[in-house]
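Notes follow once the structure below has been shown.
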Amino acid sequence: MALHVHRAERTDLLADGLGALLATPQPDPFAEELVVVPARGVERWLSQRLSHVLGRGSGADGVCAGVAFRSPASLIAEITGTRDDDPWSPDAMVWPLLAVVDSHLDEAWCRTLATHLGHFAAGEEAELRRGRR
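Numbered continuously in the working numbering, the sequence shown closes out at residue 376.
And the structure:
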């Protein structure tokens, strides 16, 4: 696997160059091309832009498939093997934070969240709000 870094003064030039690079399909139909983007918004914009170039036949099918978008941090974490070691990652924090919230629902600092989650509600309203958790 090789790393290719492309730079340009304008993002539309980069997108056009990437579209031309990805226009030739890989021999393996299940292989994915890896594209590193700085933010989810750029990923969305780029996938929409590529959907006008990539596709079966002459392109413009409206589908951007076979492209895996990653952030620089997630790529480095995977390469270095530290992907699952980060205690501050959202996946690692969910359950410990829910345990803290559940044990402090009656305290003043947690009252707004407790109300939103239906801690003080009864009946059908409580069931609906409990689903927000």
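Glycine included, every Cβ here is placed at the ideal spot set by N, Cα and C. This structure is a prediction, so every number in the text was calculated from the model and none was measured.
Residue i burial status per 10 Å Cβ neighbour count (16 or more: buried)
| i | result |
| --- | --- |
| leucine 341 | exposed |
| leucine 277 | exposed |
| leucine 360 | buried |
| leucine 246 | exposed |
| alanine 316 | exposed |
Local conformation of residue i per DSSP, three classes
| i | result |
| --- | --- |
| alanine 311 | strand |
| glutamate 368 | helix |
| valine 296 | coil |
| glutamate 276 | strand |
| glycine 284 | helix |
| alanine 266 | coil |
| valine 208 | The requested residue 208 does not occur in the structure, where the chain is confined to residues 244 to 376. |
Reference residue i, options the options, closest by Cα
| i | options | result |
| --- | --- | --- |
| leucine 261 | Trp352, Gln291, Pro272, Glu370 | Gln291 |
| valine 296 | Trp288, Cys307, Glu286, Arg287 | Cys307 |
| leucine 356 | Glu367, Gly366, Arg372 | Arg372 |
| alanine 258 | Val280, Pro268, Pro272 | Val280 |
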